[in-house]
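Residue numbers (the working numbering), protein chains in the order written: chain E, 90 to 228; chain W, 27 to 201.
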Amino acid sequence: MTQLAVEYFFLIFISCCGVLQFVAARRKLRGLSFFPRAISGYLFAVLAIAGAFCWFFISDNRHVPGLEGSEVFALFIAGSLASFIFTASISSVINRKLRLSMGQDNPSEEPGLDSLKRMTYFQAIAGYFRRKGGEQSNP
Amino acid sequence: MPIIDRFMRLVGNDYFMLVGMALVVFLLWFSGRDPQHRERNQRAVWCALIGVGLACAIVAICNAFYDRPRPFDRYEVELLFYRPTDPSFPSNTAATAFAFASGIWLGNRTVGWLLLLPAFLAGFDRVFIGVHYPFDILGGALVGISASLGALLVLRIFEPFPTWVLKTMRKLYLA
């Protein structure tokens with residue numbers, strides 16, 4: 090049971106990493122991408138999702154009673170969150186010079202995923218807390 | 027035919043189809059032409075997730091009051107799957123798949139129709155592999171669709187809380 094739970098978690102984790110690279114390539118979110126070229130992102134997405142499914146279903150017999158519905162749901166949430174944290178961390182390290190090359194913030198721009206087109210996740214979060222700190226010191 | 031049996035065993039697996047559908051829902055969270063379109067998609071994802079939770083709760087309540095034996099308990103069937111021990115009616119897989127699909131359909135028709143195809147296939151498959159009667163699937167589908175409508179109602183009742191959650195997630199660059 091525990092081994093199945095761990096393997097299921099990794100199925101979700103790897104597949105969601107693939108989905109996130111697909112999103113980064115499709116929406117040109119350079120701050121979330123592992124690769125400078127979109128085609129590499131698409132290729133990674135296909136390999137990650139197909140590879141994770143093949144590994145999960147070929148490595149063992151999955152036609153046996155296993156996880157409960159609530160466990161499946163909880164592991165999906167955990168795996169997808171872990172994949173986002175992993176993707177945000179790795180892409181922030183890889184693209185750490187991105188903001189320097191893309192210029193300064195546009196203060197009128199609404200925050201959200203689109204901001205990751207020109208900065209990494211860590212830079213975006215750091216900017217958010219800087220702005221919040223500035224608002225508190227200058228009410 | 028062995029190849030069709032193998033395909034149906036894979037589709038009817040506890041993980042294959044539902045994980046595939048959940049990945050489409052995960053993708054939808056980040057998708058959208060513009061922020062307004064993306065917000066509509068994200069509300070649809072909320073609706074689907076709450077719908078799945080409600081559907082599982084309704085199935086659990088039904089199971090507590092009505093224990094319908096599985097087809098293989100009553101008839102000689104060529105079972106392509108393991109023997110589930112929970113009641114046959116309503117189908118939990120069908121309820122979850124239809125809650126996913128109809129929850130998304132309420133916010134994004136295109137992706138919703140796309141997800142209804144695997145939901146129908148998963149339902150048909152559970153009958154094919156011998157673990158459900160067709161009526162179990164129909165019951166599961168009705169439970170799933172009703173649950174997603176209930177989820178839409180829950181989201182409207184609790185407004186502006188869902189909007190506040192989405193705004194906060196956007197500020198944290200998660201939406």
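We put the CB at the ideal spot given by N, CA and C, even for glycine. Fair warning: this is a prediction, and the values are worked out from it, not measured in the lab.
Within-7 angstroms CB hit, residue i to chain E
| i | result |
| --- | --- |
| K197(W) | yes |
| L142(W) | no |
| Y108(W) | yes |
| N39(W) | yes |
| C82(W) | yes |
| F56(W) | yes |
Where residue i sits in the DSSP three-state scheme
| i | result |
| --- | --- |
| Y41(W) | coil |
| S114(W) | coil |
| D162(W) | helix |
| E65(W) | helix |
| F124(E) | coil |
| V157(W) | coil |
| N134(W) | coil |
| M208(E) | coil |
| F107(W) | coil |
is_contact[residue i, chain W] using C-beta, thresh 7 angstroms
| i | result |
| --- | --- |
| R207(E) | no |
| G158(E) | yes |
| S58(E) | Lying outside 90 to 228, the shown extent of chain E, residue 58(E) is not represented and no answer is given. |
| R188(E) | no |
Member of the options whose CA lies at the smallest distance from the CA of residue i
| i | options | result |
| --- | --- | --- |
| F102(E) | P125(E), L164(E), I128(E) | L164(E) |
| M47(W) | F184(W), A90(W), S128(W) | S128(W) |
| A134(E) | K221(E), C105(E), I179(E), E96(E) | C105(E) |
| I76(W) | L132(W), I163(W), N89(W) | L132(W) |
| L36(W) | D151(W), L178(W), A167(W) | D151(W) |
| S117(W) | A167(W), V45(W), V191(W) | A167(W) |
| A121(W) | L44(W), M27(W), P28(W), R32(W) | L44(W) |
Nearest-angstrom Cα separation, counted from residue j out to residue i
| i | j | result |
| --- | --- | --- |
| R151(E) | R94(W) | 25 angstroms |
| G156(W) | A125(W) | 23 angstroms |
| M195(W) | G201(E) | 8 angstroms |
| E200(W) | D99(W) | First, the residue type needs correcting, since residue 200(W) is Leu and not Glu in the sequence shown. Going from the Cα of L200(W) to the Cα of D99(W) covers about 48 angstroms. |
| D203(E) | F98(E) | 28 angstroms |
| D149(E) | I30(W) | 20 angstroms |
| L80(W) | F52(W) | 19 angstroms |
| I166(E) | W72(W) | 13 angstroms |
| R135(W) | S226(E) | 46 angstroms |
Beta-carbon neighbours of residue i, restricted to chain W and to distances below 8 angstroms
| i | result |
| --- | --- |
| D203(E) | P61 |
| C105(E) | L49, F52 |
Residues that residue i contacts on chain E, provided the C-beta gap is smaller than 9 angstroms
| i | result |
| --- | --- |
| V45(W) | Y97, L100, I101, S104, F142, F145, V161, F165 |
Cross-chain neighbours of residue i in chain E, by beta carbon under 7 angstroms
| i | result |
| --- | --- |
| R35(W) | H152 |
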